[in-house]
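Worksheet: one structure, shown below.
2 protein chains.
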Amino acid sequence: VSESVGKLTLADIARLAGVGVGTASRALNDSPSVAPATRARVLAMAEKYHYVISPDASRLARGTTGRVAVVVPHLSRWFFGTMVEALESVFREARIDVLLYQVGDRRDRQEFFQRLPARRKVDAVVVVGFPVEETERERLELLDVQVVAAGGQHAVYPHVSIDDHQAGEQAVGHLVSLGHRAIAMIEAVDPDQSPSPSQRSAAYYSALEEAGIPVDPRLVVRVDWGGEQGAEAMGQLLSVRNRPTSVYAHSDEVALGAIRTIRRAGLRIPEDISVVGIDDHPLAALTDLTTVRQPVWEQGRRSGELILSLLEGNPAEYSLTLPTRLVVRSTTCPPAASD
Amino acid sequence: VSESVGKLTLADIARLAGVGVGTASRALNDSPSVAPATRARVLAMAEKYHYVISPDASRLARGTTGRVAVVVPHLSRWFFGTMVEALESVFREARIDVLLYQVGDRRDRQEFFQRLPARRKVDAVVVVGFPVEETERERLELLDVQVVAAGGQHAVYPHVSIDDHQAGEQAVGHLVSLGHRAIAMIEAVDPDQSPSPSQRSAAYYSALEEAGIPVDPRLVVRVDWGGEQGAEAMGQLLSVRNRPTSVYAHSDEVALGAIRTIRRAGLRIPEDISVVGIDDHPLAALTDLTTVRQPVWEQGRRSGELILSLLEGNPAEYSLTLPTRLVVRSTTCPPAASD
């Protein structure tokens, strides 16, 4: 028993006391910002389980730089803005400053990763929503800092993300279960960040195969992420001779673009064409869009906590996959009887 | 002539050479990141106008901390995300790091401004989209750094923003010119940031007065910013006995919420009720929303350049007001003939 007790981490103490890791850390460091009752609860747990602040743990409080880098491709998009919002709130709570780096295209990324090791300005790096390439990984290694991938799956780094394949299955499965067989996909790919299609595409093919629906390649259009891109893609899909009865879009913004094109063509949603997205963007609720909800703020928060835990010296290189779920609103229904 | 030449700033040289201030600075400091042709152009302008790097100007290159703080209330909202995106790109170009601070509510703000002077971690502070209160201003003064307000008007700091009164007039004026007289307003106020209504409200009253339309207080609903809030406000407006023929919302997100409520009530847009917003949010184009466009990225970029100019020692405490313009899409039309 004593062995396992000896291994209790700050994160464990925090959980036992029912507070965040940052609060626990500050309580143990006698920060005046922690309410007396909260501090008492944390100290009681630390005492009960013989928790002592390890040199590694106290490094968090002292910090070598006291800063974490958050690297993100596009801040103006809801997914990334929300991720950074959540990360910042975790780090702020732990009194760690956030250095923000935006790497919108391949050139930005190259420059960032080239310059990074020369500077040693941070204790950790959070990479938000893009896969790290091999050369970039080598640069990060020179830095000798903790790295966590938020909102993206990585073979080499601990990450917090959703299961894109599952999200895609939920979306396409919904259309299949409504009786659709002519199901189009607008697949979104950012050539600057990740040139190959994601598991959201793979899910489409496997869901169709499972349902015994042959793939019609004319019903798959690949575009960059974004509403205008979705609108254009939908234009292509409407020109296919037997036009689809439903559309699976890789994101809500892409779906909303497709919806505009459908409406402008004088077709009704969902009676003529059903549309489903992925995200549950705040505007999806406002536009009554059926979608697959992913917990974005939660992914950011958990990624931040993972960094804190690693900075405390916990070796646990765990990764987290958060659940997604279908949210049915008014843009999907069974296909019109075709006879 | 020699006097005015002697006063040429780095910003002037940059403009004359057709490059950004950051690029000009790096060119004059022999940074290898500037293309030879660009450097030559900058040096030629500097020579032609006898520009010399002042001790203040070279402070930019050396930097005291090399960091700027960007303080923002909500990162997940498009307006703020876009602002920060633009600011970060200007500072990255100038090799200045961005420390990001999110102050979502009054408590966050108080804590931020309390802790700020103790740290002197930055050379400048950009306050994005909220007015700085008197006590906060005093804390900022202790810091002795440059302060710029991005996307908000301030009596005490240089700022870059739009004219909210003009934007409101463009929106309400559009409804008036279409023949509407029963014009509702959903006014958005963030009680945590700025408890009193903005000039977007004042514009409504003055536009109605100018058109000789008496104000009906039942047609004004005040809510917090956001789509769901707009949806609720619209519910209230639909319950007014003589329901409005048009709605002016303080933002596109609020307008999109109102639109959902109108559609769910079985009413048609724009035939039964016209809706106009402010912003030109990317989803406004996708949802065919009539709105007043404000240049958000541009406000961020100009704010960043203003900081760079101040850091170079330019005394010019100028403020910029960027133009807004009406974008007519399909959510507004003349009111139905009422007889």
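Chains as they are written, first to last, in this note's numbering: chain F, 1451 to 1789; chain Y, 1451 to 1789.
Glycine included, each C-beta is placed from N, C-alpha and C at the ideal position.
Do residue i and residue j have their CB atoms nearer than 8 Å?
i, j, result
"glutamine 1649(Y)", "histidine 1615(Y)", "yes"
"glutamate 1586(Y)", "arginine 1559(Y)", "yes"
"tryptophan 1790(F)", "proline 1745(F)", "Shown here, chain F extends from 1451 to 1789; a query on residue 1790(F) therefore has no answer."
"glutamate 1678(Y)", "glycine 1707(Y)", "yes"
"proline 1773(F)", "glycine 1629(F)", "no"
"serine 1689(F)", "threonine 1459(F)", "no"
"alanine 1536(Y)", "arginine 1751(Y)", "yes"
"valine 1522(Y)", "glutamate 1538(Y)", "no"
"valine 1598(F)", "leucine 1756(F)", "yes"
"valine 1639(Y)", "aspartate 1674(Y)", "yes"
"glycine 1472(F)", "glutamate 1543(F)", "yes"
"isoleucine 1709(Y)", "isoleucine 1719(Y)", "yes"
"aspartate 1730(F)", "serine 1780(F)", "no"
"alanine 1653(Y)", "glycine 1618(Y)", "yes"
"serine 1753(Y)", "glycine 1531(F)", "no"
"threonine 1771(Y)", "isoleucine 1612(Y)", "yes"
"alanine 1705(Y)", "glycine 1680(Y)", "yes"
"alanine 1477(F)", "glycine 1470(F)", "no"
"arginine 1631(F)", "isoleucine 1663(F)", "yes"
"glutamine 1749(F)", "valine 1582(F)", "no"
Taking all protein chains shown into account, decide if residue i is buried (16 or more other Cβ within 10 angstroms of its Cβ) or exposed.
i, result
"tryptophan 1671(Y)", "For the sequence presented, residue 1671(Y) should be read as valine rather than tryptophan. Valine 1671(Y) should be labelled buried."
"threonine 1782(Y)", "buried"
"valine 1742(F)", "buried"
"leucine 1625(Y)", "buried"
"proline 1486(F)", "exposed"
"arginine 1489(F)", "buried"
"aspartate 1594(Y)", "exposed"
"tyrosine 1768(Y)", "exposed"
"threonine 1637(Y)", "A small fix is needed here, since residue 1637(Y) is glutamate in this sequence, not threonine. Answer is buried; the Cβ neighbour count reaches 16."
"valine 1778(F)", "exposed"
"serine 1475(F)", "buried"
"glycine 1468(Y)", "exposed"
"serine 1651(F)", "buried"
"proline 1608(F)", "buried"
"alanine 1787(Y)", "exposed"
"isoleucine 1633(F)", "buried"
"leucine 1510(Y)", "Bear in mind that the predicted position of leucine 1510(Y) carries a pLDDT of just 45, short of 50, making it too unreliable to give a figure here."
Using only CA atoms, which one of the options lies nearest to residue i?
i, options, result
"phenylalanine 1580(F)", "Ala1536(F), Glu1637(F), Ser1646(F)", "Ser1646(F)"
"valine 1622(Y)", "Arg1565(Y), Arg1710(Y), Tyr1655(Y), Gly1685(Y)", "Tyr1655(Y)"
"aspartate 1462(F)", "Arg1476(F), Val1492(F), Ala1485(F), Val1484(F)", "Val1492(F)"
"leucine 1592(Y)", "Pro1608(Y), Ala1617(Y), Phe1563(Y), Gly1618(Y)", "Phe1563(Y)"
"glutamine 1686(Y)", "Met1635(Y), Glu1703(Y), Ala1653(Y), Ala1652(Y)", "Met1635(Y)"
"isoleucine 1546(F)", "Gln1552(F), Glu1659(F), Ser1526(F), Thr1514(F)", "Thr1514(F)"
"glutamate 1682(Y)", "Arg1691(Y), His1524(Y), Glu1703(Y)", "Glu1703(Y)"
"arginine 1775(Y)", "Arg1691(Y), Gln1620(Y), Leu1658(Y), Glu1561(Y)", "Gln1620(Y)"
"alanine 1735(Y)", "Gly1676(F), Val1540(F), Ala1464(F)", "Gly1676(F)"
"glutamine 1643(Y)", "His1524(Y), Met1533(Y), Arg1691(Y)", "His1524(Y)"
"valine 1540(Y)", "Gly1468(F), Glu1660(F), Leu1550(F)", "Leu1550(F)"
"alanine 1496(Y)", "Leu1466(Y), Gly1554(Y), Val1484(Y)", "Leu1466(Y)"
"asparagine 1764(Y)", "Leu1590(Y), Arg1565(Y), Val1534(Y), Gln1596(Y)", "Gln1596(Y)"
"glutamate 1660(F)", "Ser1627(F), Pro1641(F), Ser1483(F), Gln1552(F)", "Ser1627(F)"
"proline 1641(F)", "Val1484(F), Val1606(F), Gly1554(F), Arg1565(F)", "Gly1554(F)"
"glutamate 1561(F)", "Arg1589(Y), Glu1588(Y), Val1484(Y)", "Val1484(Y)"
State yes or no: is the C-beta of residue i nearer than 7 Å to some heavy atom of the ligand COA?
i, result
"isoleucine 1633(F)", "The ligand content of the structure shown is nil, which means the ligand COA is not present either."
Report yes or no: do three or more beta-carbon pairs, one from the region 1570 to 1577 of chain F and one from the region 1518 to 1533 of chain F, lie closer than 8 Å?
Cβ pair count under 8 Å is three or more, so yes.
Meets three-Cβ-pair contact criterion under 8 Å: the region 1685 to 1701 of chain F and the region 1709 to 1727 of chain F:
The region 1685 to 1701 of chain F and the region 1709 to 1727 of chain F touch, with no fewer than 3 CB-CB distances between them shorter than 8 Å.
3 or more residues per run - each beta strand (DSSP E) lying fully within the region 1714 to 1788 of chain F
Contiguous beta strand (DSSP E) elements confined to the region 1714 to 1788 of chain F occur at 1724 to 1729, 1740 to 1743, 1770 to 1772, 1775 to 1777, taking only those with 3 or more residues.
Runs of 4 residues minimum, wholly inside the region 1532 to 1565 of chain Y: which ones carry the alpha helix (DSSP H) assignment?
Here the runs fully enclosed are 1556 to 1565.
Write down every uninterrupted run of the alpha helix (DSSP H) in the region 1642 to 1696 of chain Y whose length is 4 residues or greater and which is fully enclosed by it, in chain order.
Counting only runs of at least 4 residues, the region 1642 to 1696 of chain Y fully encloses the following alpha helix (DSSP H) elements, listed from N- to C-terminal order: 1649 to 1660, 1677 to 1688.
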